[in-house]
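Notes follow once the structure below has been shown.
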Amino acid sequence: MNVGPYPSKECFNAPYGVNYFNQYAESIPGCTSDMLSKNAKENNVHFIGGTFPERDDGKLFNTCLAYGPDGKLLAKHRKGYIFSRCDGLHNPEVP
Numbered sequence: 002m003n004v005g006p007y008p009s010k011e012c013f014n015a016p017y018g019v020n021y022f023n024q025y026a027e028s029i030p031g032c033t034s035d036m037l038s039k040n041a042k043e044n045n046v047h048f049i050g051g052t053f054p055e056r057d058d059g060k061l062f063n064t065c066l067a068y069g070p071d072g073k074l075l076a077k078h079r080k081g082y083i084f085s086r087c088d089g090l091h092n093p094e095v096p
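Numbering (my numbering), first residue to last: 2 to 96.
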């Protein structure tokens, strides 16, 4: 299996910090997920992106996507944080 290089950075498309999530959050599909899919397909590799802020159904998530060589989404992982649960920021409602 060929695996392409990926941005291993946390929230690679935005400044890191829960205070930035709402401003930079994207839906899937969106700009970041389209870019990851395109890179997997153009290079004929499995591609696992770093995390980025995702907006879905009024909630925010720190999400990682994996794509196959055909550019199709294979997996989506929404990362959870213990510290964010402690400060009330886990999946805050989007205004």
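Every residue gets a Cβ at the ideal spot worked out from N, C-alpha and C, and that includes glycine.
Quick one, which of the options has its alpha-carbon nearest residue i's?
i: Asp71; options: Ala41, Phe22, Pro16; result: Ala41
i: Gln24; options: Pro30, Ala15, Gly31, Glu43; result: Ala15
i: Thr64; options: Gly81, Glu43, Asn44, Gly18; result: Gly81
i: Phe13; options: Glu43, Glu55, Asn3, Asn44; result: Glu55
Assign residue i to buried or exposed, taking buried as 16 or more other Cβ atoms, counted over all protein chains shown, within 10 Å of its Cβ.
i: Gly50; result: buried
i: Ser34; result: buried
i: Pro30; result: exposed
i: Ser38; result: buried
i: Leu61; result: buried
So residue i packs on residue j, CB below 8 angstroms; how close in whole Å?
i: Glu27; j: Phe53; result: 7 angstroms
Problem set entry | Whole alpha helix (DSSP H) elements within the region 17-81, 4-residue minimum | 19-25, 32-44
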